[in-house]
Amino acid sequence: MITRDLFPLLQCPTCRSRDLYVAADGLHCASCANIYGFEDGYIDLMPRGADYGYVSKYVTDEAELAEELDYRDLAPPLLAAGVRDRALRRMMRWQPSDRVLDNGCGTAKHAVWNAPYVARMVGSDPATLFADEAVATVALTKADSRSLPFAEGSFDKAFAIDILEHFPIDVIDDYLAETARVLRPGGLMLAFSNTREMSPIQPVINLSRRLGRLFVRAGVYDFSREARRKSDHLKALETWEDVLEAFERAGLRPVRVIFWNSLFTTFVEHVLMKLGEAVMGRMKDEGGRMKPSKPKIHDDNADALHPSPFTLHPSPDGIAREIRARRRIRSQLRPGSPVYYALMAVTLLMELDLWLFGWMRCGSYFILVEKPR
Ligand SMILES: [Zn+2]
Numbered sequence: 000m001i002t003r004d005l006f007p008l009l010q011c012p013t014c015r016s017r018d019l020y021v022a023a024d025g026l027h028c029a030s031c032a033n034i035y036g037f038e039d040g041y042i043d044l045m046p047r048g049a050d051y052g053y054v055s056k057y058v059t060d061e062a063e064l065a066e067e068l069d070y071r072d073l074a075p076p077l078l079a080a081g082v083r084d085r086a087l088r089r090m091m092r093w094q095p096s097d098r099v100l101d102n103g104c105g106t107a108k109h110a111v112w113n114a115p116y117v118a119r120m121v122g123s124d125p126a127t128l129f130a131d132e133a134v135a136t137v138a139l140t141k142a143d144s145r146s147l148p149f150a151e152g153s154f155d156k157a158f159a160i161d162i163l164e165h166f167p168i169d170v171i172d173d174y175l176a177e178t179a180r181v182l183r184p185g186g187l188m189l190a191f192s193n194t195r196e197m198s199p200i201q202p203v204i205n206l207s208r209r210l211g212r213l214f215v216r217a218g219v220y221d222f223s224r225e226a227r228r229k230s231d232h233l234k235a236l237e238t239w240e241d242v243l244e245a246f247e248r249a250g251l252r253p254v255r256v257i258f259w260n261s262l263f264t265t266f267v268e269h270v271l272m273k274l275g276e277a278v279m280g281r282m283k284d285e286g287g288r289m290k291p292s293k294p295k296i297h298d299d300n301a302d303a304l305h306p307s308p309f310t311l312h313p314s315p316d317g318i319a320r321e322i323r324a325r326r327r328i329r330s331q332l333r334p335g336s337p338v339y340y341a342l343m344a345v346t347l348l349m350e351l352d353l354w355l356f357g358w359m360r361c362g363s364y365f366i367l368v369e370k371p372r
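In numbering that gives the first Met the number 0, the protein residues as written are 0 to 372.
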């Protein structure tokens, strides 16, 4: 949504002037005369005339991804997203007076889930795949993280979930420097991302992956949807030292770190949930009731048309089946329903990874940093 209390925080993303005024068609910059339009639920605050070398896949393939990511309806914070969200809440300790920036918000799901606990939640992203609920409850801006449209010290807190792994180093530096700029002194930032480091317990974690591969080979499910989602991960920060140095370059001081060694998580994601989705996705709607469909008979011609699960190309079949399964699970996900409690239990099982192994250095990390006073 577009709210008036956002306007005092804004600056021109093109010339950095704070001399902005509101007109019917949008925000006007008195210095460089650019106009930033009020769109459907957000303000278009992309810098004008900028020519950036790097553009995220989410921006270039926005229309295509919109189909697949199924972004308009938000589920409650469960499973991996639930673990991230609960860690975010625990580490950030929201205050009712907080002004918070979800920098690179995507659908803005974490912004939606946490907006009730703070004074003002703002979501920012160059791609506008915002969920309906985000448009209704979060102040949204279409913006580039290399030239944020916010004045210095505008926010008490900022967070970056699943962001840094998408960027090359120079973009990471610009992203962190801009985030540091818009934080007030003493303000906090939380990032969740991944390096290329392996967990010390990776051999044990891999047992779940192996079990998952057996199911793939048996044709029960595949990982095409996951492959698509992770398709533009660069992981330019390769080691934990790289991460610390990047935050140091931005003048941000580490306060707390939790690693995510995904022992229970991998079992849930590669076996437990995939089995559940495979069952749900194969059911057919008949007269409003779900019935299991007949198992598919193996057909060589069909294999020629559809890539096998072993290729890296996403199979449209698998993606459609999973989206169908997720829609079905979602339709029964009212808080308080049995499915909700079952998935919450699975979420807590995944979170056990943070409580038991959070101290053990590995690739996935939550880092809380502070802008020095
Ligand atoms: Zn301007």
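Each residue gets a CB set at the ideal place from its N, CA and C atoms; glycine is no exception.
Cβ-heavy atom distance, residue i to ligand 1, below 8 Å
i: Arg15; result: yes
i: Ser30; result: yes
i: Cys104; result: no
i: Asn33; result: yes
i: Cys361; result: no
Host beta strand (DSSP E) of residue i (start-end)
i: Ile160; result: 154-160
i: Leu77; result: Looking at the DSSP string, Leu77 is not in any beta strand (DSSP E), and its letter there is neither H nor E.
Distance CB(residue i)-CB(residue j) smaller than 9 Å
i: Ala159; j: Lys370; result: no
i: Ser153; j: Leu100; result: yes
i: Pro184; j: Val368; result: no
i: Ser192; j: Leu147; result: no
i: Ala157; j: Leu128; result: no
i: Met359; j: Pro199; result: yes
i: Gly81; j: Glu321; result: no
i: Leu139; j: Gly40; result: yes
i: Ser207; j: His269; result: yes
i: Pro125; j: Lys141; result: yes
i: Leu274; j: Val219; result: yes
i: Arg98; j: Val117; result: yes
i: Gly317; j: Asp221; result: yes
i: Tyr70; j: Asp169; result: no
Neighbour-count burial assignment, residue i, 16 or more Cβ in a 10 Å radius
i: Gly186; result: buried
i: Met279; result: buried
i: Trp259; result: buried
i: Ala32; result: exposed
Residue range of the unbroken alpha helix (DSSP H) whose run includes residue i
i: Val203; result: 201-216
i: His165; result: Premise fails: His165 is in no alpha helix (DSSP H) and is neither H nor E.
i: Gly280; result: 272-281
i: Glu244; result: 239-248
Rounded separation between residue i and residue j - CA only
i: Leu44; j: Leu251; result: 26 Å
i: Ile257; j: Val181; result: 25 Å
i: Ala22; j: Ala107; result: 27 Å
i: Tyr174; j: Phe365; result: 17 Å
i: Ala150; j: Trp93; result: 22 Å
i: Ile204; j: Leu213; result: 15 Å
i: Arg17; j: Thr2; result: 17 Å
i: Gly122; j: Ala217; result: 42 Å
i: Ala74; j: Leu332; result: 7 Å
i: Arg195; j: Ser261; result: 14 Å
i: Leu26; j: Tyr339; result: 42 Å
i: Trp112; j: Val215; result: 34 Å
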